[in-house]
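Peer 1: Have a look at this one before I ask anything.
Protein chains in written order, with the working numbering: chain E, 11 to 359; chain V, 11 to 359.
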């Protein structure tokens, strides 16, 4: 029986899982398709994370450094699993870099893909330079200045549109992306910190700053940072004669049409299933659920099981998820994988 | 060095942690203040759980049975930790049943307390028999019949009031209880399944059916089960001359006062910090955060650390949490506790 754990994906979930397994002195093979470890927070240049307030490069960077220096962790960057066979305790994977990995269990921490805002064309992304995504504003926060891409000016009025690629049946995204409300409230605070004269408006259907995020982000963004929340249906984003953006729609609280000038419009983009999921499902022989995320089994005594024994799945591969939960899923899957292999060895002995 | 793990609390979090540790053949001492294991889902008689749809007594019952039959798990029911001392690898706890526990690490899975609806008196709980809590309706679902407590009749009109003891600064509950929206949508479906002629109304500020709960609960409860969602500020619940309840407030979408007759009013009660938290903090020497939940440390490379080394905290002890997340926190804490003890033993050797 082989007790190496193969972990696919080196974002917060995979890094956490790798640390968990390695902390028991067990062997890990960690594979990521990108040349850089850290997943979305690093690759997309997130700024300060919710809810710690730590910079992503520090927080996730620390997770990366710990795994890179752990004895017993073999890392394959820029590599994919191209073939996979076997059963619990005796899996064999072939990687795109030619390596063969023998493993007792597999953890799929393959994450999500950011919604591409070009698929919501009426809201102006891809048409107007000053319509950007939350990810781009995170990068501006990291750079220390909020600007309009068209001319570099500091925007007087910023609109953050929630649910871009979420809760939207028209474009086949029925799910809520869970963390965009809180991320947007945090971003509104960061914009006001960098640029206290900029007015920030958040256009929403429901504000979902669940749990302790309620007062930390929703209330604080309103009371300390004067963010204006507007319950609205946004119909379209166009450009006025003066070159400013125009946000058109209906304020659903006052039931009136609105046409509001804005300097910068920010799409709070949702979390799609990883674009690679169909091939991941095929290579590993696991099922997808109806939206295209990886499917999971029983929730209580066999949580994080995929549809294939010995293959575990967690984090944002299961659906939209926040980083804290991803970190906990990684450790939990490490526990499950190591525990199940222990039971298997015991049975065999 | 002692490598037994002491786990305090045998709800979903503690049971999951106990299984994790035991799955490696390590010793666990599991302590719960109640005579029954299973935590809130068992003690409060939850019906079908979100999102699995499994009955709580089956799902959590399976977790209990597995831990009770695991070799190496010593269980103390109806017991509390009354004294605690030591350091990682060498803690000593004294239990109220007189036992002494030597442990290398401690997992606090001490959970929450349901908000007592009597503390929101203007909404009628404690005054009118037909004002009940979600927990009481869960018990009706388990019993197979939805009734008005006053006379046993099947209600024609049921109102579920969200945010009872949540998002309410007036009564010192600033947090959102995270899962009540989804639990209430699920309950609306269950009421309609048992009593198809009953009209169900949900009065809300924001609907927070995050992630994949959006279409599974919010949309389905509206489209398949005709639940009516009303965005409103509820001012008070009183009784009319005919003995029916009257819900008074303002519909915040149409901006009009409302006075609506109801047969049954259900308080979707929130999650308070465990009432025992001040004494838990004192006995274990750990900090509370500002709302009274247990405080936690760094989120990325030392997640689930409390303010005392070797003592871990997770689940709804940290704040309002859903059962799936509690189960994952339990396994994650097991991984952390066992991993940190492994490192400690390695250092010592």
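Ideal placement from N, C-alpha and C gives every residue a C-beta, glycine not left out.
(1) Anything in the region 324–349 of chain V with a Cβ closer than 9 Å to a Cβ of chain E? List those residues in chain order, please.
(2) If you scan the region 43–109 of chain E from start to end, which runs of the beta strand (DSSP E) of 3 or more residues do you find wholly inside it?
(3) Would you kindly report the start and end of the unbroken beta strand (DSSP E) that includes residue 173/E?
(4) Is there a Cβ of chain V sitting closer than 8 Å to that of residue 158/E, yes or no?
(5) Grouping DSSP H, G and I as helix and E and B as strand, with all else coil, what is residue 266/V?
(6) Closer than 8 Å, Cβ to Cβ, to anything on chain E: give me those residues from the region 62–96 of chain V, in chain order.
(7) Residues in the same chain with beta-carbon distance under 8 Å from residue 332/E, minus the five sequence neighbours each way, listed in chain order, please.
(8) Kindly confirm or deny that the region 12–21 of chain V and the region 113–128 of chain V touch, where touching means at least three C-beta pairs closer than 8 Å.
(9) Please identify the residue among 244/V, 284/V, 109/V, 318/V whose C-alpha is closest to the C-alpha of residue 265/V.
(10) Between which two residues does the alpha helix (DSSP H) carrying residue 352/E extend?
(11) Hey, does residue 231/V have any beta-carbon neighbour from chain E nearer than 8 Å?
(12) Could you pull the start and end residues of the alpha helix (DSSP H) that residue 296/V belongs to?
(13) Using the beta-carbon count (16 or more within 10 Å), is residue 304/V buried or exposed?
(14) Do residue 50/V and residue 83/V have their C-beta atoms within less than 8 Å of each other?
(15) Alpha carbon to alpha carbon, how far is residue 58/E from residue 77/E?
(16) Which chain E residues sit within Cβ distance under 9 Å of residue 33/V?
(17) So that I know if they touch, is there some Cβ in chain V lying closer than 8 Å to that of residue 173/E?
(18) Counting only the same chain and skipping the five closest in sequence on each side, list residues whose C-beta sits under 8 Å from that of residue 338/V.
(19) Is any beta-carbon of chain V found at less than 8 Å from that of residue 203/E?
(20) Check for me: the beta strand (DSSP E) holding residue 240/V runs from which residue to which?
(21) Is there a C-beta anywhere in chain E that falls below 8 Å from the one on residue 373/V?
(22) Using C-beta distances below 7 Å, list every residue in its chain close to residue 158/V, excluding the 5 sequence neighbours before and after it, in chain order.
(23) Report yes or no: do the region 242–257 of chain E and the region 121–134 of chain E share at least 3 C-beta pairs separated by less than 8 Å?
(24) Closer than 8 Å by C-beta to residue 181/V: which residues in its own chain qualify, once you throw out the five before and the five after it? Chain order, please.
(25) Taking the continuous alpha helix (DSSP H) assigned at residue 204/E, which residues delimit it?
(26) In terms of residues, what are the limits of the alpha helix (DSSP H) holding residue 148/E?
(27) Determine which residues of the region 250–264 of chain E have a Cβ less than 9 Å from any Cβ of chain V, and write them out in chain order.
(28) I'd like to know if the region 95–107 of chain E and the region 306–320 of chain E are in contact, where contact means that at least 3 CB-CB pairs between them fall below 8 Å.
(29) Which residues in chain E sit within 8 Å of residue 305/V, going by Cβ to Cβ distance?
(30) Is the shortest distance between the beta-carbon of residue 40/E and the beta-carbons of chain V less than 8 Å?
(31) Taking DSSP as the reference, what is the three-state secondary structure of residue 230/E?
(32) With DSSP as the reference, label residue 258/V as helix, strand or coil.
(33) Would you call the region 145–152 of chain E in contact with the region 195–202 of chain E, where contact means no fewer than 3 C-beta pairs closer than 8 Å?
(34) How long is the line joining the alpha carbons of residue 284/V and residue 327/V, rounded to whole angstroms?
(35) Under 8 Å between C-beta atoms, does residue 130/E make it to chain V?
(36) Under the DSSP definition of a beta bridge, which residues are partnered with residue 183/V?
Peer 2: A quick look at the data gives this:
(1) Of all residues in the region 324–349 of chain V, only 324, 328, 329, 330, 331, 333, 334, 335, 337, 338, 339, 340, 341, 342, 343, 344, 345, 346, 348, 349 come within less than 9 Å of chain E when Cβ atoms are compared, listed by chain position.
(2) DSSP runs (the beta strand (DSSP E)) wholly in the region 43–109 of chain E: 83–87, 91–97, 100–105.
(3) From DSSP, the beta strand (DSSP E) with residue 173/E extends over 167–174.
(4) No, no contact with chain V.
(5) Strand.
(6) Only 62, 64, 69, 70, 72, 73, 76 from the region 62–96 of chain V bring a Cβ to less than 8 Å from some Cβ of chain E.
(7) In its chain, beyond the 5 residues on either side, 60, 188, 189, 192 have a beta carbon closer than 8 Å to the beta carbon of residue 332/E.
(8) Contact holds: three or more Cβ-Cβ distances are below 8 Å.
(9) When each option's Cα is compared against that of residue 265/V, the closest is 244/V.
(10) For residue 352/E, the uninterrupted alpha helix (DSSP H) run begins and ends at 333–358, by DSSP.
(11) Against chain E, the CB of residue 231/V has no partner CB under 8 Å away; the residue lies outside that interface.
(12) Neither: residue 296/V is in no alpha helix (DSSP H) and is coded neither H nor E.
(13) Under this definition residue 304/V is a buried residue.
(14) Their beta carbons are not under 8 Å apart, which means residue 50/V does not touch residue 83/V by this criterion.
(15) Cα to Cα, the separation comes out at about 22 Å.
(16) What residue 33/V touches in chain E: 345, 346, 348, 349, 350, 352, 353.
(17) Residue 173/E does not count as touching chain V.
(18) Excluding residues within five positions, the ones whose Cβ falls inside 8 Å are 26.
(19) Judged by the 8 Å Cβ criterion, residue 203/E is not in contact with chain V.
(20) Start and end: 238–249.
(21) For residue 373/V there is no data in the structure shown, the boundaries of chain V being 11 and 359.
(22) Same-chain partners within the cutoff: 140, 165, 273, 274.
(23) In short, these stretches touch, since the Cβ pair count reaches three.
(24) Once the five neighbours on either side are set aside, the close Cβ partners of residue 181/V are 129, 130, 175.
(25) Residue 204/E -> alpha helix (DSSP H) spans 190–204.
(26) Per DSSP, the unbroken alpha helix (DSSP H) holding residue 148/E starts and ends at 144–153.
(27) Result list: 262, 263, 264.
(28) Touching, per the Cβ criterion.
(29) Here the premise fails: no neighbours, minimum Cβ distance about 11 Å.
(30) Not a single CB atom of chain V sits nearer than 8 Å to the CB of residue 40/E.
(31) It is helical.
(32) In the structure shown, residue 258/V adopts extended strand secondary structure according to DSSP, grouped into three states.
(33) The region 145–152 of chain E, when compared against the region 195–202 of chain E, does touch it at the 8 Å Cβ threshold.
(34) The alpha-carbon atoms of residue 284/V and residue 327/V are separated by roughly 7 Å.
(35) With 8 Å as the cut-off, residue 130/E does not count as an interface residue toward chain V.
(36) Looking at the DSSP assignment, residue 183/V forms a beta bridge with 178/V.
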